[in-house]
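Positions 216 to 501 (the working numbering) are the ones given, in order, by the sequence shown. Backbone N, C-alpha and C fix where the C-beta goes; we use that ideal spot for every residue, glycine too. Quick caveat: nothing in here was measured; it's all calculated off a predicted structure. Following: one structure in structure tokens, then a few remarks.
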Amino acid sequence: MRRRVFTVTLLIVWLVAAVTAQAAGPVRLFIFYTDTCGHCQIVLNEVLPPLQARYGSNLEVLGFEISTAANYEVMLKLEKLYGVSAPDFPEIFIGQEVLVGEEAIRTRLPALIDKYLAQGGVDFPSNDQPVAPSAPTAAGTLPTVYLAYFSKAGCQTCDRTSYDLNYLKGKYPELVVKEFDIASGDNKALNEVLSQKYGVPEEKHLVTPMIFVGNDYLVGEAANAANLQALVDKYRGQGMPPPWEGVDIEQGRNVILDRFRHLSPLAVLGAGLIEGLNPCGLATII
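In structure tokens form, the structure reads like this:
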């Protein structure tokens, strides 16, 4: 009798183990990257290959190169779904987690893979598939919408705005973006004049990123994909002239110089320190 009970118990254990083994699946994840991003290339070429070698068929990775509009839209959808507040590249979506940037991926991804393998695997975040890059779309018959974009090297928010604009340019051939580096004296003067013309609050003058299109402007974190998309949709079909044409930059230069003259030495030093700490912020020192 005891032998029969032992045999039945052993059989149950074997069946449970077999069912568990059948239920266990691979860990599947999405990675969003760009070919021009150094951190992306490190993750793709140095971080992921050893993990794929270690886990073999238990790890499946789908890569989305975001210069393709369709891939970018998948990323935007997932960022909204996962509540990503500070997007950057590369981005990995795995299970209920999102990893942003090389450091987070390098330090946290192995543990997350182990976690989801222990839970029986996890599927891709969505049913989307990567779309291969295609030839640039030829300009259509819609009137051109010109957009002025002020940026600054080292400004992380600007980097994301640049990717958002590249996505929109690929989606809307009628959109023409002209980028102005705020570090240039002439571009500072141009920004000052446009900021006055568009009613930008004075404390936001020369802040990057900054967008001017039609009768609207966006500044700082407001210059994001959703708001940019809304402005392009607003002016599509009617077209908009270049905001930078017919502008007297000498007027802007004089305004900046006058503001500079009225600053105390302490204020000048403080502005310089602020700019050093926040490259997207004030750029008032000439």
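Could you tell me whether the Cβ atoms of residue i and residue j are closer together than 7 Å?
i	j	result
residue 361	residue 408	no
residue 464	residue 421	no
residue 258	residue 306	no
residue 375	residue 302	yes
residue 364	residue 426	yes
residue 283	residue 358	no
residue 343	residue 289	yes
residue 277	residue 247	no
residue 275	residue 241	yes
Helix, strand or coil: which one does DSSP assign to residue i?
i	result
residue 316	coil
residue 387	coil
residue 366	strand
residue 246	strand
residue 415	coil
residue 357	coil
residue 278	strand
residue 468	helix
Here's the rule: buried if 16 or more other CB atoms are within 10 angstroms of the residue's CB, otherwise exposed. What is residue i?
i	result
residue 467	buried
residue 243	buried
residue 531	Since the displayed the chain opens at 216 and closes at 501, residue 531 lies outside it and no answer follows.
residue 472	exposed
residue 322	exposed
residue 424	buried
residue 399	exposed
residue 249	buried
residue 393	exposed
residue 287	buried
residue 356	exposed
residue 272	exposed
residue 292	exposed
residue 410	buried
residue 372	buried
residue 300	exposed
residue 268	exposed
residue 333	exposed
Quiz item: Where in the segment 423-466 do unbroken runs of the beta strand (DSSP E), each at least 3 residues long, occur, reported from the N-terminal end onward?
Solution: Restricting attention to beta strand (DSSP E) runs no shorter than 3 residues, the segment 423-466 encloses them at 425-428, 431-434, ordered along the chain.
Quiz prompt | Uninterrupted alpha helix (DSSP H) stretches inside the segment 293-350 (no shorter than 4 residues) | solution = Note on the segment 293-350: whole alpha helix (DSSP H) runs with a minimum of 4 residues are 317-333, in chain order.
Quiz item: Can at least three beta-carbon pairs, one atom from the segment 302-314 and one from the segment 451-462, be found at a separation below 8 Å?
Solution: The segment 302-314 vs the segment 451-462: no contact.
Quiz item: Any contact of the segment 378-386 with the segment 432-450, i.e. 3+ C-beta pairs under 8 Å?
Solution: Yes: the two stretches touch, three or more of their Cβ pairs being nearer than 8 Å.
Quiz item: Would the segment 332-348 and the segment 393-405 be scored as touching if the rule is three or more Cβ pairs under 8 Å?
Solution: The segment 332-348, when compared against the segment 393-405, does not touch it at the 8 Å Cβ threshold.
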